[in-house]
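In what follows, a single structure is set out as structure tokens and then discussed.
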Amino acid sequence: MTCSIKIELHDLPPELTEPPPDARGWLAWQPLTCKAWRKLDGKWLPIAEANAIVEARRNSF
1 MTCSIKIELH
11 DLPPELTEPP
21 PDARGWLAWQ
31 PLTCKAWRKL
41 DGKWLPIAEA
51 NAIVEARRNS
61 F
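Using the UniProt record's numbering, read the sequence shown as starting at 1 and increasing by one per residue.
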């Protein structure tokens, strides 16, 4: 007996809709959730969180 699960991409919760880790570029827009993402240190973060980290780094110098 074979079990198969079909994942409906449009039914994923918003927190799981970040860009894939290997996506090119450093800015991404998720139109379904109206969220912007920024790649920082190889990881996608919500834009506000990423900008806060960048600002904190600037202020620490």
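By construction, the Cβ of each residue, glycine as well, lies at the ideal position given by its N, Cα and C atoms.
Item, Value
"Anticipated Cβ contact below 8 Å, TRP37 with GLU55, distance rounded", "Actually they are not in contact, since the Cβ atoms of TRP37 and GLU55 sit about 17 Å apart, beyond 8 Å."
"Straight-line Cα distance separating ALA50 from SER60", "16 Å"
"ALA50: first and last residue of the uninterrupted alpha helix (DSSP H) it sits in", "47-59"
"C-alpha distance - LEU27 paired with LYS39, whole-angstrom precision", "6 Å"
"Backbone CA spacing between GLN30 and ASP22 [nearest angstrom]", "16 Å"
"Closest residue to ARG24 among TRP44, ALA52, ILE53 (Cα-Cα distance)", "TRP44"
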